[in-house]
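Colleague:
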Amino acid sequence: MNDEAIEMTEVAARSRADVDAAAEEHAWREPGTIRTVMLMAGITFREAARRRILWIAAIAGLAFLALFGAGLHAMLRSMSPTLPAVSRHEGVGMMLMMSFYGGSLMTSLMAALTSCDTLSGEIASGTIHAIATKPVRRWALVLGKWAGFVVLLGAYILFIEGGSILISWTESRYLPPHAVSVLGLIWLQAILMLGMTMASSTRLSALTSGACTVGLYGLAFIGGWIEQFGALRHVRACVDLGIVASLVMPSDALWRRAAWRMQPPLLGAIGVGPFSSATVPSLIMILYAGIYALAALLLAQVLFERRDL
Amino acid sequence: MAALTIDTEGLRKNFGTRPAVRDLTLQVGRGEAFGFLGPNGAGKSTSIKMLLGLVKPTAGRALLLGHPVGTRAVRARIGFLPEHFRFYDWLTASELVLFHGRLCGVAESVLRRRVPQLLERVGLSGHRTKPLRSFSKGMMQRVGLAQAIVNDPEILFLDEPTSGLDPAGRKLVRQVIREQRDRGATVFLNSHLLGEVEKSCDRVALIREGTVVGMYAMGAWQTGHTEVEVLTGGINPAALALLSTIEGLMVTANDGTRLGLRVPNEHALPEVVRCLVESGVRVFSVIPQRVSLEDLFLETMGPDQGL
């Protein structure tokens with residue numbers, strides 16, 4: 193008997209004992225829900241972090257921060273040294289808000305673009321077949337993927353918005369008010385986009401899912417403007433339309449709440465602008481957005497659980 | 044312990060109004076290597092997906108290891124190599140098998156030992172730390188095979204495991220199938236390569252238009268006749284005249300020395316030899332032609348309908 197044959201016989205003998213033992217005990221192993229979620233979150237984070245799109249987003253983010261830093265530096269240099277610190281900070285606060293708006297837009301788009309093919313792409317390529325036939329709950333797979341992206345988006349927000357704060361602090365010793373809750377609101381906005389994209393990608397192609405969510409984001413943006421103009425000109429119908437748009441997709445409401453939290457007093461007095469807020473979405477709207485984000489995740493889980501793979 | 048590892052009755056799947064599988068009725072026993080054959084579009088993939096719990100049946104009943112298909116308890120005890128196996132290409136071969144082992148709930152201490160063993164078993168021990176993006180199609184199938192058996196499954200589903208494999212790879216798959224069967228696991232093999240199925244399986248089922256049309260123990264299928272090749276020193280008209288008296292005999296080829304005959308069954312062969320010898324023909328050999336699985340397949344499926 194050659195070595196290979198001996199080895200095969202040994203493997204067969206060992207394995208037969210294993211099968212018999214497992215079968216007799218009717219025992220079976222499974223990783224458990226928390227472990228499944230952690231495993232999927234880990235692999236999804238690593239998969240997304242390796243995408244070229246993320247590197248492009250990182251480079252875009254660096255360019256964005258460099259532009260912000262250069263702009264801020266130039267603005268501060270143009271200010272008279274005798275200008276009171278309050279006035280200087282007013283200007284820095286306005287620029288920082290513009291930077292935050294750009295960062296929130298980039299993060300929201302990133303949420304849609306990086307996650308749109310995580311389910312649809314893996315269903316189409318068959319990658320999901322080897323995973324979904326393991327002793328794991330399908331909804332836990334979706335939760336794990338979602339969690340991986342949530343962490344990734346959080347990291348991106350810290351990089352791009354945290355970078356802006358760092359630049360403003362270094363250049364002018366200015367820190368925006370309520371920075372933590374503002375970053376939290378921008379993160380929730382990205383999570384909202386993520387949930388919607390994942391829910392649609394259980395049934396639609398990657399491109400269509402991404403387009404759907406970005407379309408909803410656009411709708412919310414327009415709705416936000418209509419609401420602000422309505423509030424300034426006291427047109428009730430416009431305000432109502434804006435609220436309806438926010439109920440359909442509360443992403444812009446989250447940004448407007450964040451902008452209101454961080455805006456310097458002067459900007460608040462000027463009123464409407466893409467980076468500021470004339471009408472402030474209520475805390476109930478923020479709570480609604482939170483529930484909306486969770487409902488989107490739940491929808492993704494139910495749709496994935498029910499579909500044929 | 045359930046004697047049958049796969050037990051389905053009237054399993055059906057409709058996509059819209061179109062039936063992909065009409066009636067899948069199968070019984071497969073423990074330790075069997077079972078071949079599942081059919082032409083393109085016959086419903087093989089949908090059938091295997093129903094057994095794996097990936098696709099929900101429209102009607103019918105399906106049990107694996109005595110439990111309804113798709114439950115986690117069942118999935119913990121099966122392994123699956125999908126057709127054209129692919130995975131995140133930045134993972135190394137070790138990481139891939141480790142990840143799937145963890146998804147199966149295999150203990151870390153066991154995996155530390157088993158992952159290198161499995162990679163060695165599938166001939167990839169030299170490529171353990173290489174990323175999958177550098178792997179050929181055949182290497183991907185090998186690593187896919189390793190992940191399919193990481194949990195010592197009681198039923199191993201292989202969907203076209205040898206497509207894209209070189210002869211050494213195909214031999215390896217055959218060996219793994221034999222090992223799995225020897226240790227008591229059931230192997231369910233879906234393949235177009237009939238020669239591979241013939242070498243590996245104990246039984247085969249043929250599926251056509253979503254319905255199981257035949258189930259045979261390997262080599263025990265019956266056809267209505269036996270083909271025979273006779274080598275002689277030279278055939279004469281008297282021999283042919285005498286042969287024509289045998290009921291049901293037909294001469295299918297005659298090149299002067301080599302005679303092709305179709306007889307009702309092998310019991311007619313002594314009579315054939317007698318006729319030839321009595322006519323003065325020198326007989327060197329009489330070889331009944333074995334009906335191959337391919338012959339059976341083609342006969343069962345009928346003429347090619349085209350695509």
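Top line first, the protein sequences correspond to chains G and B. Here my numbering is used: the first residue of the first sequence is 193, the next is one more, and so on. Here my numbering is used: the first residue of the second sequence is 44, the next is one more, and so on. The beta-carbon is built from N, C-alpha and C at its ideal position, and this holds for glycine as well. Predicted model, so just to flag it, every value in this text is computed and none were measured.
1. For Leu283 of chain B versus Thr343 of chain B, is the C-beta distance shorter than 7 Å?
2. Using only alpha-carbon positions, find the residue among G:Leu495, G:Pro442 and G:Ala391 that is nearest to Gly542 of chain G.
3. Among all the DSSP beta bridges, which residues are the ones paired with Phe12 of chain B?
4. Tell me whether Ala492 of chain G is buried or exposed, calling it buried when 16 or more other Cβ atoms sit within 10 Å of its Cβ.
5. Between the segment 422–441 of chain G and the segment 330–338 of chain G, do three or more beta carbon pairs fall short of 8 Å?
6. Let me check understanding here. Comparing Cα to Cα, which of G:Asp309, G:Phe237, G:Met390 and G:His265 lies closest to Ala398 of chain G?
7. What does Gly318 of chain G reach in chain B if we use C-beta pairs closer than 9 Å?
8. Between Val464 of chain G and chain B, is any beta-carbon pair separated by less than 7 Å?
9. Report yes or no: do the segment 171–188 of chain B and the segment 228–235 of chain B share at least 3 C-beta pairs separated by less than 8 Å?
10. Determine the chain G residues that contact Ile121 of chain B at a beta-carbon separation under 8 Å, and present them in chain order.
11. Taking the alpha carbon of Thr269 of chain B as the reference point, which residue from B:Thr48, B:Pro307, B:Leu237 and B:Thr172 has its own alpha carbon closest?
12. Helix, strand or coil for His110 of chain B? Go by DSSP, reduced to three states.
13. Here's the rule: buried if 16 or more other CB atoms are within 10 angstroms of the residue's CB, otherwise exposed. What is Leu231 of chain G?
14. Pick out the complete alpha helix (DSSP H) segments inside the segment 283–320 of chain G, 4 residues or longer, and give them in chain order.
15. Quick one: which residues of the segment 165–192 of chain B get their C-beta closer than 7 Å to a C-beta of chain G? List them in chain order.
16. Would you say Gly148 of chain B lies against chain G (beta-carbon separation less than 7 Å)?
17. According to DSSP, is Gln332 of chain B helix, strand or coil?
18. Nearest chain B C-beta to His321 of chain G closer than 7 Å, yes or no?
19. Since Leu167 of chain B and Arg185 of chain B are thought to touch, with beta carbons under 8 Å apart, how far apart are those beta carbons, to the nearest angstrom?
20. Enumerated in chain order, which unbroken segments of the alpha helix (DSSP H) with a length of 4 residues or greater are wholly contained in the segment 403–491 of chain G?
21. Residues in its own chain within less than 6 Å of Phe413 of chain G by CB, not counting five upstream and five downstream?
22. Are the C-beta atoms of Val230 of chain B and some chain G residue less than 7 Å apart?
23. Rounding to the nearest angstrom, what Cα-Cα distance links Arg227 of chain G and Gly96 of chain B in this structure?
24. What is the rounded straight-line gap between the Cα of Glu239 of chain G and the Cα of Ala391 of chain G?
25. Can you tell me the Cα-Cα spacing of Gly257 of chain B and Tyr409 of chain G, whole angstroms?
26. Could you tell me the boundaries of the alpha helix (DSSP H) in which Glu151 of chain B lies?
27. If we cut at 7 Å on Cβ distances, does Gly53 of chain B have a partner in chain G?
28. Could you give the DSSP three-state label for Thr89 of chain B: helix, strand or coil?
29. Report the residue from B:Leu161, B:Cys318, B:Leu304 and B:Pro82 whose alpha carbon sits nearest the alpha carbon of Thr288 of chain B.
30. What are the boundary residues of the beta strand (DSSP E) that Tyr348 of chain G is part of?
31. Short of 7 Å in beta carbon distance, which residues of its chain neighbour Val193 of chain B, apart from the five on each side in sequence? Order them along the chain.
32. Please list the partners that Val98 of chain B has in chain G, where partner means a Cβ-to-Cβ separation under 9 Å.
33. Per DSSP, Leu80 of chain B forms a beta bridge with which residues?
34. May I ask you to verify whether the segment 342–357 of chain G touches the segment 286–297 of chain G, counting CB pairs closer than 8 Å and requiring at least 3?
35. Quick one: does Leu95 of chain B have its CB under 7 Å from some CB of chain G?
36. So what's Arg185 of chain B in DSSP terms, helix, strand or just coil?
Modeller: Result, derived from the coordinates:
1. For the pair Leu283 of chain B and Thr343 of chain B, the CB atoms are not nearer than the 7 Å cut-off.
2. Because residue 542 of chain G is not part of the residues shown, which for chain G are 193 to 501, the question remains open.
3. Examination of residue 12 of chain B is not possible in this model, given that chain B is present from 44 through 350 alone.
4. So Ala492 of chain G counts as buried.
5. Taking 8 Å as the limit for Cβ pairs, the verdict is that the segment 330–338 of chain G does not touch the segment 422–441 of chain G.
6. For the residues G:Asp309, G:Phe237, G:Met390 and G:His265, the minimum Cα distance to Ala398 of chain G belongs to G:Asp309.
7. Neighbourhood of Gly318 of chain G in chain B, by CB distance below 9 Å: Pro125, Glu126, His127, Phe128 and Arg129, in chain order.
8. Low confidence applies here, because Val464 of chain G scores a pLDDT of 49, under 50, leaving its location unreliable; read the following figure in that light. The Cβ of Val464 of chain G sits no closer than 7 Å to any Cβ of chain B.
9. Per the Cβ contact rule, the segment 171–188 of chain B is not in contact with the segment 228–235 of chain B (fewer than 3 Cβ pairs under 8 Å).
10. Chain-ordered, the chain G residues with CB closer than 8 Å to the CB of Ile121 of chain B read Thr325.
11. Out of B:Thr48, B:Pro307, B:Leu237 and B:Thr172, B:Pro307 has the C-alpha closest to the C-alpha of Thr269 of chain B.
12. Of the three classes helix, strand and coil, the one that applies to His110 of chain B here is strand, per DSSP.
13. Buried, by the Cβ-count rule.
14. Taking only runs of at least 4 residues, the alpha helix (DSSP H) segments lying wholly in the segment 283–320 of chain G are 312–317.
15. Cβ contacts with chain G come from Gln190.
16. So, interface residue.
17. Strand, per DSSP.
18. Yes - at least one Cβ of chain B is within 7 Å of the one on His321 of chain G.
19. Indeed they touch by this definition, with Cβ atoms about 6 Å apart.
20. Runs of the alpha helix (DSSP H) lying entirely within the segment 403–491 of chain G and spanning at least 4 residues, in chain order: 428–440, 443–454 and 457–462.
21. In the same chain as Phe413 of chain G, and ignoring 5 residues on each side of it, the C-beta atoms closer than 6 Å to its own belong to Asp444, in chain order.
22. So no, Val230 of chain B is outside the interface.
23. Their backbone Cα atoms lie some 21 Å apart in a straight line.
24. Distance between the alpha carbons of Glu239 of chain G and Ala391 of chain G is about 19 Å.
25. C-alpha separation (whole angstroms): 56 Å.
26. Run containing Glu151 of chain B: Glu151 to Arg164, per the alpha helix (DSSP H) assignment.
27. Judged by the 7 Å Cβ criterion, Gly53 of chain B is not in contact with chain G.
28. Three-state DSSP puts Thr89 of chain B in a helix.
29. The shortest C-alpha to C-alpha distance from Thr288 of chain B to any of B:Leu161, B:Cys318, B:Leu304 and B:Pro82 is the one to B:Cys318.
30. Tyr348 of chain G -> not in any beta strand (DSSP E); alpha helix (DSSP H) instead, spanning Arg330 to Ser364.
31. Excluding residues within five positions, the ones whose Cβ falls inside 7 Å are Val140, His143, Gly144, Cys147, Val149, Arg157 and Leu161.
32. Within chain G, the residues near Val98 of chain B are Asp500 and Leu501.
33. DSSP, once it has assigned bridges, lists B:Leu249 as partnering Leu80 of chain B.
34. Cβ pair count under 8 Å is three or more, so yes.
35. Interface residue, yes.
36. Arg185 of chain B: helix per DSSP, three-state reduction.
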